[in-house]
Structures are given as structure tokens and as C-alpha cells.
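Step one of this worksheet: look at the structure below.
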Amino acid sequence: MSNPLEIRRRRAAYRAHHRGTKEMDWLLGKYADAELAGMDEAALVQFERFLAIADPELHRWIVSPELCADSEFAGLLGQIRSFHALAG
């Protein structure tokens, strides 16, 4: 039987790769491939909540991180931007 945390990681990876826009598939999918295996329960919960946000809003946050500076996702967004070596 599979570990419940591992099942959630696989689901999150699928959701990260199948967003609806190629740009978000690539940005979130690559990040998920590299980082999901090392996420603990708390980080995975936050990433799952992050993935529940609509692509247009996530894209705005990635392009203009100041738009989510006060968000609970500011740290995660910074990690994603750093992973992709995005300026700012």
C-alpha cells in the first residue's frame, strides 16, 4: 500500500503539470518535479492550496510578485521565482 503523503505528492505533481496554460504547466511542473519529493506535510499542504488558485492570478503573482507580498504564499512564490532564476 502506498504512503498517503506520496499519493498527495503525485496528485500535486499532476496538478502542477496540467494547469491549462503551457506557461503555468512549465513553471509549476518543473518546480514540482524538483521540489515535491523533499516537501514535508506543511509545505505540501501549502503547495496544494497554491495549486487551487486560478492560473491567471498565479501568473500575475509570478510576473509581479509585489501583488502577493502580503499573501500567505509570498514565501512559496519566492521559492518558485528563485528556482526559475526570475529577477526580483
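Heads up: the sequence shown begins at 537 in this note's numbering, then just goes up one per residue. Built from N, CA and C at the ideal position, the CB exists for glycine as well. Just so we're clear, the structure is a prediction, and the values are computed from it rather than from any experiment.
What separation, rounded to the nearest whole angstrom, lies between the Cα atoms of residue i and residue j?
i    : j    : result
R617 : G611 : 10 Å
D606 : Q615 : 15 Å
D604 : D591 : Before going on, a small fix: residue 604 reads as Cys here, not Asp. Roughly 14 Å between the two C-alpha positions.
R555 : V599 : 17 Å
A570 : A552 : 12 Å
What do you reckon, are the CB atoms on residue i and residue j nearer than 9 Å?
i    : j    : result
L594 : F586 : yes
R545 : A578 : no
Y567 : H620 : yes
L580 : L541 : yes
Taking buried to mean at least 16 other C-beta atoms within 10 Å of its own C-beta, is residue i buried or exposed?
i    : result
L564 : buried
A548 : buried
L613 : buried
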